[in-house]
Each structure stands twice: as structure tokens, then as C-alpha cells.
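Peer 1: Below are the C-alpha cells for one structure; questions will follow.
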Amino acid sequence: MTETKLTAPTMSNDNAIDLGELFHVLWAGKWLISGITFAAAVFAVIVTLMMPNIYRAEALLAPNDQEGAGGLSSLAAQYGGLASLAGISLQAGSTDKTTLGLEILKSRKFISEFIERHDILVPLMAAEDWDATSGELQINPDDYDVSTNKWIRNVSPPRKTIPSMQEAYEEFMDIFSVSQDKKSGFVRVAVEHYSPAIAKQWVDWLIEDINLSIMQQDVAEAEEAIAYLNEQIVSTPLADLQNVFFKLIEEQTKTVMLAKVSKEYSLKTLDPAVSPELKHKPKRSLIVILAAMLGGLVGVAIQLAWRK
């Protein structure tokens, strides 16, 4: 019976040889690789210098809790069964005002009305840069004629010469952001624009408008509820039930009073927006570095392909 001897595999120097050859190939093409890298970096510098600065204004907000909703909830829990005997529902609304406000703030209806109310369609859709020396916003002459105050842009259907609210909404959502920290509940509202002053102004207007919108909605609902409860008091012979309605009217009246005396009804400003001094983007140095790295990789690939 013969024995088969197992011999250990010999270590190969292929990897070392390959790395050595790779080094020599790349070294031979050092001027090609350096040239492409340099050209890519120079091109990136030129492109980034042509890009306008974008400024970002941001405000920090906190939910402004109202006590009226809590009183109404306790009354509904206490007397809801009694009212249901009369065929009346006293279920108090449990909608989070902050969540409601944020959803309204991002809605197409609110943003469209915001654009029309403050007449910001031109700085939103036709601006192309901002002059830091004069502080004036530069309007693209191919889109809007400042001398005649007319839109003259040439666009393909379904877009129109005068931007529609749908197009304006999409453009606004590209520069607008709102987010809420799930742990703290704090809300951040931010706007990016060529002009730092405009970015700051739009953030302020957004906060004012959303508070006003929520306030008007709650006041309207409370006044409708008061009118309805007054009718029920007249038509209900039960004294205990009338007492419940009187207390509910009191709570709804508190809601109206709180809403009308508070300018920041839903969201309270903790850190207001300021006109930023420094640009938010573009990150020119980062763009140049990435372009140089990409150029170097392209140079290496060309050199390796050429030597094959």
C-alpha cells in the first residue's frame, strides 16, 4: 500500500510582483495622472466659483400647550355618559396641535396661500443670485422682466410662462424644511435662499401664518360649538344636562380667549431666525477635493487601460 505524501504549498510571490508592476505602471504614467487630477480640480474650482451662495435661516420652536383642551377633556370624561343619553357626543378632540400644525405647514394649500399672500412668486421662481454689496436680489432676465413686471420665461408644456401654484409649491419645498425632535418635541423651521434677509423673513412669516391659521381654526370650531351648545340648552329640559352644557360653553369660551390673546398660539419661538452672515452652501472646498480624487481615479484607470 503506497502512501501519498502531502506537500505544503509554496508561497507565491505573485502578489508582490503584481504590486511592484502596478507601481511601475502608475509611476510611468505619473504625468498623465497628475495632469488629469489637476485639470479636474481646476474645472471644479471654476464651476464652484460660478455657483451662487445659498444662505439658510432657521428658527427653533416649542409646542405651546393650551390648558383649555385639558379642561374640555376632563368634562367629556366626567359627563360624557350623561350627554350621550340625550343623543349628544362630548368626545373631546385629542389631536396634537403641534403635529396638526406641522402637517398644515407642509400642505400644498397652506404653502400656496403663503406664496400668494406675501407675493413672493418672483423671488421664489426667478431669483438667480444676491449682491452682497448692494443687498439687492438679482432676477434672471430670461425669466422675469423687472422693467415691465412681467414673466417672459420660455418653458415647455405643461409648464406655463407664469409659474403655477403647483410648480411654485414644488420649488418652495426644495428650499423649505420643518422637523420635530421626537424626544424633546422641539421644532425647527428653516428656509434656504440666495438672500439671507429673504430667508430670515420667510421663516418669520411662516411661523406667524401657521400660528394664525391654527388659532383661527380653533376659534371657528369653538364658536360653532358654543352656538350649538346654546341651542341644546334651550331644547334640553334636564337641569343636570344644562349644567354640563354651561360648563362646556365656559371651556370653549376660554379657548377663544386664549387664542385671541396669544400671538404664538400653537408654536412658541425659542430661538428666532436671524439673517445669516455665512453661506450654507455650496461647500466649494469639499467639491474641489472630491473632483480631484475622481480625476485621479480616472487618470489611474486610463493609465492601466493604456498599458494593457
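Mapping to the numbering used here: the sequence shown position 93 is 826, numbers consecutive. Each residue gets a CB set at the ideal place from its N, CA and C atoms; glycine is no exception.
#1: Three Cβ pairs or more, each shorter than 8 Å: is that satisfied between the segment 977-985 and the segment 1004-1023?
#2: Going by other Cβ atoms of all chains shown within 10 Å of its Cβ, with 16 needed for buried, is His926 buried or exposed?
#3: In terms of residue numbering, what span does the alpha helix (DSSP H) encompassing Phe771 cover?
#4: Just the Cα atoms here: how many angstroms apart are Ile844 and Tyr902?
#5: Please name the residue in Lys1001, Trp935, Glu957 and Phe756 whose C-alpha comes closest to that of Met906.
#6: CB Ile940 to CB Gly834, shorter than 7 Å?
#7: Can you look up Leu793 in the DSSP assignment and give me helix, strand or coil?
#8: Can you tell me the Cα-Cα spacing of Trp760 and Gly1028, whole angstroms?
#9: Cutting at 6 Å between CB atoms, please list the residues of its own chain near Val952, excluding the five before and the five after it.
#10: Is it buried or exposed for Asn1046, if we count other Cβ within 10 angstroms and need 16 for buried?
#11: Apart from the five residues on each side of it in sequence, which residues of its chain come closer than 8 Å, Cβ to Cβ, to Glu869?
#12: Could you check where the beta strand (DSSP E) with Arg886 kicks off and where it finishes?
#13: For Val967, count the other beta carbons within 10 Å of its own beta carbon; 16 or more makes it buried, fewer makes it exposed. Which is it?
#14: Under three-state DSSP, which class holds Tyr788?
#15: Should Ala1025 be labelled buried (16 or more other beta-carbon atoms within 10 Å of its own) or exposed?
#16: Determine the closest residue to Arg789 out of Val1031, Val911, Leu1023 and Ala1034, with distance taken between C-alpha atoms.
#17: Using only the alpha-carbon positions, how far apart do Leu838 and Trp938 sit?
#18: Taking a contact to mean a Cβ-Cβ separation below 7 Å, would you say Ala772 touches Val1021 in this structure?
#19: Roughly how many whole angstroms lie between the Cα atoms of Glu1010 and Leu752?
#20: Would DSSP call Glu861 helix, strand or coil?
#21: Does DSSP put Val920 in a helix, a strand or coil?
#22: Relative to the C-alpha of Arg850, which candidate in Ala1038, Val924, Asp942 and Asn963 has its C-alpha closest?
#23: In angstroms with no decimal places, state the Cα-to-Cα distance between Val1031 and Ser880.
#24: Using C-beta distances below 8 Å, list every residue in its chain close to Pro1007, excluding the 5 sequence neighbours before and after it, in chain order.
#25: With H, G and I counted as helix, E and B as strand and the rest as coil, what does DSSP make of Ile757?
#26: Taking Arg841 as the reference, give the member of Gly762, Ser897, Lys915 and Ala792 with the closest Cα.
#27: Relative to the C-alpha of Gln858, which residue among Trp884, Leu1023, Leu1000 and Ala955 is closest?
#28: Could you tell me which of Leu1000, Pro1005, Ser928 and Ala960 sits nearest to Gln871, measuring between CA atoms?
#29: In the DSSP assignment, find the unbroken beta strand (DSSP E) run with Val911 in it and report its ends.
#30: Would you call Ala865 buried or exposed, if buried means 16 or more other Cβ atoms sit within 10 Å of its Cβ?
#31: Can you give me the Cβ contacts of Leu1003 inside the same chain, cut-off strictly under 6 Å, excluding the 5 residues immediately before and after it?
#32: In the DSSP assignment, find the alpha helix (DSSP H) that holds Leu1011 and state where it starts and stops.
#33: Do the CB positions of Asn797 and Ser1018 come within less than 7 Å of each other?
Peer 2: Straight from the coordinates:
#1: no
#2: buried
#3: Lys763 to Met783
#4: 6 Å
#5: Trp935
#6: no
#7: strand
#8: 16 Å
#9: Val989 and Ala992
#10: The first residue shown for the chain is 734 and the last is 1041, placing residue 1046 beyond what the model contains.
#11: Trp863
#12: Careful: Arg886 lies outside any beta strand (DSSP E) and carries neither H nor E.
#13: exposed
#14: strand
#15: buried
#16: Val911
#17: 12 Å
#18: no
#19: 50 Å
#20: strand
#21: strand
#22: Asp942
#23: 48 Å
#24: One point to set straight first is that residue 1007 is Val, not Pro, in the sequence displayed. Excluding residues within five positions, the ones whose Cβ falls inside 8 Å are Ala790 and Lys933.
#25: One point to set straight first is that residue 757 is His, not Ile, in the sequence displayed. Note: His757 maps to helix in three-state DSSP.
#26: Ser897
#27: The amino acid at residue 858 is misidentified as Gln; the sequence shows Met. Comparing Cα-Cα distances from Met858 to each of Trp884, Leu1023, Leu1000 and Ala955, the minimum goes to Trp884.
#28: Ser928
#29: Phe909 to Gln913
#30: exposed
#31: Leu793 and Ala795
#32: No alpha helix (DSSP H) holds Leu1011; DSSP gives it neither H nor E.
#33: no
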